[in-house]
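To start, the structure itself, in structure tokens.
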Amino acid sequence: MLNSKIPAGPLDQKWTEFKGHCKLVNPANKRKLEVIIVGTGLAGASAASSLGELGYKVKAFCFQDSPRRAHSIAAQGGINAAKNYQNDGDSVFRLFYDTIKGGDYRAREANVHRLAEVSANIIDQCVAQGVPFAREYGGLLSNRSFGGTQVQRTFYAAGQTGQQLLIGAYQSLERQVALGNVTMYNRHEMLDVVVIDGKARGIIVRNLVTGKLERHFGHAVLLCSGGYGNVFYLSTNAMGCNVTAAWKAHRKGAYFANPCFTQIHPTCIPVSGDHQSKLTLMSESLRNDGRIWVPKKQNDNRKPSDIPETERDYYLERRYPAFGNLVPRDVASRAAKERCDAGYGVGTSKQAVYLDYADAIQRYGEIEVSKRNLQDHSAETITRLGKEVVKEKYGNLFDMYEKITGENPYELPMRIYPAVHYTMGGLWVDYELMTTVPGLYCMGEANFSDHGANRLGASALMQGLADGYFVIPYTIGNYLADEIRTNAIPTNHPAFDEAEKSVSDTISRLMNIKGKQTVESFHKRLGKIMWDKCGMARNAQGLQQAIQEIRELKKEFWSDVRIPGAINEMNPELDKANRVADFIELGELMCLDALNRNESCGGHFREESQTEEGEAKRDDAEYSYVSAWELKSEHEWQLHKEDLVFEVAKPSQRSYK
Amino acid sequence: MEHYTMSLTLKVWKQQNSQDKGRFETYQVKDISSEMSFLEMFDVLNEQLIREGKDPIAFDHDCREGICGTCSMYIDGRPHGPWHANTTCQLHMRAYKDGDTIVVEPWRANAFPVIKDLVVDRSAFDRIIQAGGYISVNTGNAVDANALPVDKDKADASFAAAACIGCGACVAACKNSSALLFVGAKVSHLALLPQGDPERKNRVLNMVAQMDREGFGACTATGACEAVCPKEISLSNISRLNKEYLAAGLEK
Amino acid sequence: MKWSDFFTSSVGKKFVMGLTGLFLISFLIIHVGVNACMFADLSIFNPADDGTMFNIAAHFMGSMVVIRLLEYVLFLGIILHIVQGYVLEAKNRGSRSVGYDVKMGNRGSKWYSRSMGLLGTLILLFLVIHLAHFWVKARFTESLEPVSYRGVEMHNMFKEMLIVFKEPLVVVIYVLGCISLAYHLAHGFQSAFRSIGVHNKKYNLMLTSLGYGFTIIVTLLFILMPIAVYFDWVGYHN
């Protein structure tokens, strides 16, 4: 039975209650306790620096060449916090409520409330570290509204909020490295967790420069290794993002929760061809002013400018008059897919819709003309001034689009299409962020906890930093307080031998296949199966097929993959093979989870569960639970259900009509 | 935008490991679409090499959206290739035409030793940050974020400096392999904010000392760094560092 | 921080380069000012001057105690600038053992900003010749003809100049030396201000423009001297 260890008492008192009563470790003992942190994105870097400050002996690992490269850096929009600086009615409760509702009632109330509580501290902490958030002329912090919320609670640093927050955390981390509290291992990839007497006690890592395996002991192991969107091959994730650390933990007994909950972001630059290696997101803020449309005629090959107004279908405005182009991410994404599948897509691939700024340019231009009291009302002046306004607001995004596509978005409507962006699922953790393996924690995007079935914009940064700065420093003490008598276990312990041997055997096995197909080609094929059958819309038949196809792909991978080079050297193809092997196994579990959840909620849309108008239909009676999967043997998992109880935020059906 | 395909000759630096002397290898690639990114063209080449049983080319890359700072190729004599304010991963093949020859080298600087092929070790940058590129505030000590107003102009200038992605193109472009644009950006980022004030003297002294220990050259202010910086970090940040250094060095 | 640490750091060294550079620039103003007195003899001014103004100015510079003392400071500045320059050049060149196959060239920087060491060396060579021509003769040898104005006897530097600059090779060397100086200044002027920490964008722009203006005026005046003599624009016209 899963024990989520949620403290008793009223929702808004649980965290205070926990902090008041959790066990503490005295400073002298902290020096003797070693903590391993895998991954140095927002969650990992903030945890490493905070635990280092507390006096724990921390070892942090990342596969990149520097902790500053982690993919948190790519987050554009902002970070939410219930500061209510704008006096517009925000509060901890509202942030909590919006997050629960946005997650389509598939997240745990207590965790989400805690997240909303600590959100304000994050902003304070980051500002103190020197994160240059946007400010007003009075010198105070600026906020914007984001992702269709009714309050302005999003703090931002132009379109580079993730970068600035990560650099803040990275600098704190490097300060602890300089003070000797944290040892940093760059270009190291975790390939196994070492479990001794049922507790996580260390990891096996591969030095990606020399190819050598290393053993590291820790009284606790923290996985902050990010999401697994790359299982789809094409996603907005970085090329290196992978599930390996979490998957190895899963293989060692950590349950994997809600793996099928994937967020597909509606405003990405479409795929241009088979060569495509990744997809690029453009901030959701573009939907504030842009209008999304497709031609009313199928397979219309005319240029967008040749299609008259009457022959355009502004389908979001048509279907959702109340929210129009600002419907939540999952709704907008599915609507785009629906139009393209029905043959109304645009561009060479026909897998794109238009995001048009012509109206916005006209509107802003007219406003400028009247603001400046200009006599010149000519169309050219209006267009010129309108473009200036749009450039000021969205210039960097427009530049990015032009760089990638070579098209000028001020003249032509942009082509966009949804892309995999974030994974809400991840390792199951309890209230203290511990997985089902004692001493093994999971934080940030890698865990499942706070976003339910759909994440709201500007909440990922909030969760990563909340976990690292303000949750784990308390909750880890509750576990380590009982570990002060455990001396450091030497890494020649048989459990380390065994773990290292199994890693080394797997690597040798991979290298010795010497087949014909490249790692990349397998990854692409996996991605296609996942995207087609476990993507924006899923159905039982497709998922069953997908499971079969993935199993076959797995066999083929393990018998025909070709990895060049040697083991004991820098070998990016081998690194990739290790990751793809895990993605294949994860893909199967995702399909299994999606198959099990015969309801539509958040980012998970089961075609069998929709209203007559084709909208998602949630089934609270049957599926108000977290699916936590335990690996039994190859291709076999056992489902454990954690029932979700909503004491405060009563579930209601979302409607954007 | 008209799309086209092209065949190219690539002259790429190959070096087995840090001990190896290294050499240029010449490769031919065909059917490269003008819509590909430069790194996707390398993906195509690597796939081809693996299928032919040859050794693929190792190169650093990660986010492929111009923000993580991992990619690092010196393309035809210019870090990150021919486009202005751009990273290698955002360079697209429409910059080239059929029949072109492209020479690709790793960042060259003694402080950035080559690990393999086009991959270099930039951990010197991490060590420079360790020397003082931070504000010493432990988690949980912060006052309310709006307790201290910050002049918007300064906050904006600080942000502009903080936009540095730490890719090292400045070092690669500099005839002296100087890291002063990188260090100047960090010193400026923190010195422009009131939060960074208490440590500003030690910070600049220690960061410069570490930079010198790492073996980077001095600054001649040629402006090559600024010209290739993907984030258009201004040369003024170097001047500001100099001022900070003088103020600190002459006083402390 | 110890003084030695300050002056041996890369930034401290550049500070010394900038400061000595600016000092040498200020010397150039005086130098060019004194020398420009020779143009008093131009036909459009006073062809009967015959170097009077020039000789008096030169004598004034040579006989004032303060200026003679400053001369030592000047030499110290020059030597410091040269030595520090070579030290930096060596360190900078040593920071990239393996070079690039394809050079970046002028894409992003001016050739003369990358060639300060070379230009400085050319200026140094020129300086040796130049000192031998005038300064050494004026200070240490008695080979210069005397001339007296209002009862004060002094070296006839003007006449010496007329002799030296009649040699075409010398004129060419001086013109080339001055061109080296021009490019050295074109970068050095504004770069020196950067090295001493002027970072305000507004001032940087001003200093850059001032630097180019200064460079052009000063070098033109210097170049015109041997040319004016060679083509007999100045000289004894009686």
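Residue numbers (the numbering used here), protein chains in the order written: chain P, 117 to 773; chain S, 202 to 453; chain D, 737 to 974.
Glycine included, C-beta positions come from ideal geometry on N, C-alpha and C.
Cβ neighbours of ASN684 (chain P) within its own chain (closer than 8 Å, five residues either side excluded): THR326, GLY327, LYS328.
The alpha carbon of CYS558 (chain P) has as its nearest neighbour, out of P:LYS733, P:VAL151, P:PRO126, P:MET117, the alpha carbon of P:VAL151.
Secondary structure at LEU382 (chain S): helix, using DSSP grouped into helix, strand and coil. Contact with chain S is found for GLY844 (chain D), since one of that chain's Cβ atoms lies less than 8 Å from the residue's Cβ. Annotation: THR464 (chain P) to GLY949 (chain D) spans about 56 Å, alpha carbon to alpha carbon. What PRO399 (chain S) touches in chain P, judged by beta-carbon distance under 9 Å, is nothing: the nearest beta carbon there is about 12 Å away.
ALA164 (chain P) and ALA294 (chain P) have their alpha carbons spaced roughly 13 Å apart.
Closest in alpha carbon position to GLU750 (chain P), among P:ASN687, P:TYR739, P:ILE663, is P:ILE663. With fewer than 16 neighbouring CB atoms inside 10 Å of its own CB, THR227 (chain S) falls in the exposed class. Taking a contact as a CB-CB distance under 8 Å, the pair ARG850 (chain D) and THR340 (chain S) does not count as one, their CB atoms being some 46 Å apart. By the Cβ neighbour-count rule, LEU167 (chain P) is buried, with 16 or more other Cβ atoms within 10 Å of its own. The beta carbon of ASN200 (chain P) does not come within 8 Å of any beta carbon belonging to chain S, so the residue lies off that interface.
Listed along the chain, the chain D residues whose CB falls inside 7 Å of the CB of CYS420 (chain S) are LYS750. At least one CB atom of chain S sits nearer than 8 Å to the CB of ASP837 (chain D). Residues of the same chain with a CB within less than 7 Å of the CB of GLY658 (chain P), apart from the 5 flanking positions on each side, are LYS649 in chain order.
ASN603 (chain P) carries a coil assignment under DSSP once its states are collapsed to helix, strand and coil.
Between MET737 (chain D) and LEU393 (chain S), the gap from beta carbon to beta carbon reaches 8 Å or more. Remark: C-beta atoms of SER162 (chain P) and GLY584 (chain P) approach each other more closely than 8 Å. If you draw a straight line from the Cα of LYS453 (chain P) to the Cα of ALA438 (chain P), it is about 21 Å long. As computed with DSSP, ILE915 (chain D) is found in no beta bridge at all.
By the C-beta criterion, the stretch 385 to 404 of chain S is judged to be in contact with the stretch 360 to 368 of chain S, since at least 3 inter-stretch pairs fall below 8 Å. Contact of TYR253 (chain P) with chain S is assigned, a C-beta pair being separated by under 8 Å. For THR622 (chain P), no beta strand (DSSP E) segment is defined; the enclosing uninterrupted segment is the alpha helix (DSSP H) at 610 to 629. Short of 8 Å from the beta carbon of ILE303 (chain S), and not among the five residues preceding or following it, lie these beta carbons of its own chain, in chain order: LEU209, THR210, LEU211, LYS212, ILE276, ASP277, TYR297.
If only uninterrupted beta strand (DSSP E) runs of at least 3 residues are considered, those enclosed by the stretch 286 to 362 of chain S are 302 to 306, 315 to 317.
Between the alpha carbons of CYS272 (chain S) and VAL359 (chain P) lies a distance of about 22 Å.
Chain-order list of chain P residues neighbouring PRO283 (chain S): empty, with the shortest C-beta distance near 13 Å, by a criterion of under 8 Å. Legend: CB atoms of the stretch 311 to 342 of chain S lying less than 9 Å from CB atoms of chain D belong to residues ASN311, ALA312, VAL315.
Just so you know, the alpha carbons of THR857 (chain D) and GLY334 (chain S) end up roughly 38 Å apart.
Under the three-state reduction of DSSP, THR227 (chain S) is assigned to strand.
The beta carbon of ILE959 (chain D) is closer than 7 Å to those of VAL911, CYS914 in its chain, skipping five residues each way along the sequence. At least one CB atom of chain D sits nearer than 8 Å to the CB of GLU306 (chain S). One thing to note: ALA365 (chain P) has its Cβ within 8 Å of the Cβ of LEU339 (chain P). Interface annotation, ALA259 (chain S): not in contact with chain D, CB-CB separation never under 8 Å. Only VAL934, HIS935, ASN936, LYS937, ASN940 from the stretch 934 to 945 of chain D bring a Cβ to less than 9 Å from some Cβ of chain S. Fully enclosed beta strand (DSSP E) runs of no fewer than 3 residues are not present anywhere in the stretch 738 to 806 of chain D.
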